[in-house]
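Numbers 2 to 248, taken from the UniProt record's numbering, label the letters of the sequence shown in order.
Heads up, the beta-carbon is just placed ideally off N, CA and C, and yes, glycines get one too.
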Amino acid sequence: SGRLSGKYALITAAGAGIGRATAIRFAKEGARVLATDINADALASLKAEDPAITTCPLDVTHAEQIHALVRERGPFDVLFNCAGYVHAGTVLDTDDVSWRRSFSINVDSMFHLCKAVLPPMLERGRGSIINMSSVASSIKGVPNRFAYTATKAAVIGLTRSIAADFVTRGIRCNAICPGTVKTPSLGERVRALGGDEEAHWRSFVERQPMGRLGDPEEIAALAVYLASDESSFTTGTVHVVDGGWSN
Ligand code: NAD
């Protein structure tokens, strides 16, 4: 039996990147996993990679979808809020639509998911919520990440607040703050920058003191710890896993 045996975990944005690596790792550790994503093809390929994982489409910007899914598929022991969107630009490059979209995907989603999973968790007196923030948040200002950094700082505030409100009732809530992790969306962002892709990759790598990007599995390892009872004395904390970027 694994480190998560007996746990039932809901993961958002589990089709690719960190969410996908975490879904696979959670299942390996004995959890029952409900992997959700907006992209049905990504979920199908995850299911093909690990048939033990249950998948279900979910767009985290739809509050009603969230509440229906939790009603029908819950109660959960673990919620990993992994969905997030990176808008690039300074305050001057950020229009109302990008600002709203950033908060909708990165923050409102977590508000609705936490609100949906908490009542059944409270009823059973246990639950671990893990929220995906970033080093680009209240931890560190990163150039050209204005809206993104604001949303990820909000994730930390939301995390600490939930932890404080339910600390005596068996609920733990913690945040993960990665540095730059090699995921498909990072590749897309590099391609979107245009020009010399090699140089863009190099600049992402160069800002990492370890001289390399993180692997999704290195973030999944922390998520396993926070989901498991090994972290039973840990709540309201902000876990940096960034290869020394913010040091
Ligand atoms: P990603 O950005 O590549 O996205 C993974 C999945 O999110 C995709 O399968 C996509 O279909 C899904 N998705 C997009 N919009 C969605 C929506 N509205 N509802 C549900 N799913 C949706 O994955 P990633 O780079 O691993 O990032 C995951 C999380 O980690 C994000 O919150 C991101 O901000 C955070 N993060 C990433 C890095 C990094 O360097 N990759 C660093 C710090 C924090």
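Nearest to residue i (by Cα), restricted to the options the options
i: F112; options: E218, T37 and A64; result: A64
i: G237; options: N248, D38, G171 and P210; result: G171
i: I163; options: V34, L123, P76 and P210; result: L123
i: L119; options: S46, G75, N248 and F205; result: G75
i: I67; options: P179, F147 and D38; result: D38
i: Y86; options: D109, V71 and E73; result: D109
i: V26; options: V239, D243 and A224; result: Residue identity check: residue 26 is Arg in the sequence provided, not Val. The candidate whose alpha carbon is nearest that of R26 is A224.
i: L214; options: A193, L187 and Y226; result: L187
i: residue 1; options: P52, A49 and E73; result: Nothing can be reported for residue 1, as the shown portion of the chain is limited to 2 through 248.
i: I220; options: R208, V242, W202 and R127; result: V242
i: R125; options: N248, F77 and R208; result: F77
i: T169; options: R208, R127 and I19; result: R127
i: V143; options: R101, N107, W202 and R208; result: R208
i: N248; options: K141, E30 and W100; result: K141
i: G159; options: C115, H201 and L194; result: Per the sequence shown, the amino acid found at residue 159 is Leu instead of Gly. Of the candidates C115, H201 and L194, the one whose C-alpha sits nearest the C-alpha of L159 is C115.
i: A84; options: I106, R203 and R102; result: I106
Beta-carbon proximity check, residue i vs residue j, cutoff 8 Å
i: A32; j: A10; result: yes
i: N82; j: T13; result: yes
i: W246; j: P217; result: no
i: T56; j: A36; result: yes
i: T235; j: R173; result: yes
i: N132; j: V98; result: no
i: A43; j: A69; result: no
i: C178; j: S232; result: no
i: N175; j: H240; result: yes
i: K153; j: S138; result: yes
i: R21; j: L5; result: no
i: D117; j: V79; result: Checking the sequence, you will find Ala at residue 117 rather than Asp. No; because the gap between Cβ atoms is not below 8 Å, this pair is not in contact.
i: E199; j: R192; result: no
i: T181; j: F205; result: yes
i: A28; j: I54; result: yes
i: F147; j: T95; result: yes
i: A228; j: K8; result: yes
i: A49; j: V34; result: no
Where residue i falls: helix, strand or coil (DSSP)
i: F205; result: helix
i: F81; result: strand
i: H63; result: coil
i: R33; result: strand
i: L11; result: strand
i: G75; result: coil
i: P58; result: strand
i: T212; result: Looking at the sequence itself, residue 212 is Gly, so the reference to Thr does not match. The answer is coil: DSSP assigns G212 none of H, G, I, E or B.
i: D51; result: coil
i: D230; result: helix
i: residue 249; result: In the structure as shown, the chain begins at 2 and stops at 248. Residue 249 is therefore absent and cannot be evaluated.
i: D38; result: strand
Residue i at chain C interface by Cβ criterion, 8 Å
i: S129; result: This model lacks chain C altogether; it includes just one protein chain.
| message | For a minimum of 4 consecutive residues, which ranges assigned as the alpha helix (DSSP H) are wholly contained in the region 88-144? | response | 97-104 and 110-125
| beta strand (DSSP E) segments (min. 3 residues) lying fully within the region 141-179 | 172-179
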